[in-house]
Amino acid sequence: MRPTGRRATALMAAALITTGPAVAPVLRGISGPAPTAVAVPAVPGRPGAAADRGDPRRFHATCRTKTEGSRAIASCHNPYPYVDRVRLHIECQRWWDIDVDSAPVKILPAGYAELTDRCWKEIRAVWVSHEVER
231 MRPTGRRATA LMAAALITTG PAVAPVLRGI SGPAPTAVAV PAVPGRPGAA ADRGDPRRFH
291 ATCRTKTEGS RAIASCHNPY PYVDRVRLHI ECQRWWDIDV DSAPVKILPA GYAELTDRCW
351 KEIRAVWVSH EVER
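Following this note's numbering, the numbering of the sequence shown begins with 231 at its first residue and continues without gaps.
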């Protein structure tokens, strides 16, 4: 027999009422200053620097990178109402292998783009950079 919504709510309320007196003395024993919020200054170019909701740098496309041998693939989707220009960057493992920086690709709002490129041999690192246009 499945409990109805009212019955489930009544059971939850009964559980809270019965455990409330047991928890209250523990909470009263906690002393100290009330928690306060600390303002941390934003550092440009760091994650979390665009904490302001109106900052367009915060609204960039979501990208996933995948490496298959010497080929790198970035799949990007832009769910925001701003145009995002994305670039794929690949750092190659060998010193003589030239690193790759793709041309910027504009992703319109609700758009999708896939960027691919490669090294001659192994890949050391792959990342995507963003530039939001307003």
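Note that the Cβ used here is the ideal one computed from N, Cα and C, for glycine as well. Remember, it's a predicted structure, so these values are computed and weren't measured experimentally.
DSSP, reduced to helix, strand and coil, places Arg324 outside both helices and strands of the structure shown, so it counts as coil. Secondary structure of Arg288 (DSSP, three-state): helix. By the CB criterion at 8 Å, Ala291 and Val316 fall inside the cutoff. For the pair of segments examined, the stretch 346-357 was found not to touch the stretch 308-315: the number of CB pairs separated by less than 8 Å stays below three.
For Asp347, the enclosing beta strand (DSSP E) begins and ends at 341-348.
If you ignore the 5 residues before and after His307, its C-beta comes within less than 7 Å of the C-beta of Ala291, Thr292, Tyr342, all in its own chain and listed in chain order. Within the same chain, and ignoring the five residues on either side of Ile320 in sequence, the residues whose Cβ sits closer than 7 Å to its Cβ are Ala302, Asp329, Val330, Asp347, Cys349, Ile353, Val356. No Cβ-Cβ contact shorter than 8 Å links Val358 with Thr297. Membership of Arg301 in the beta strand (DSSP E) is indicated by the continuous run 301-308. Annotation for Glu361: the continuous beta strand (DSSP E) segment containing it runs 353-363.
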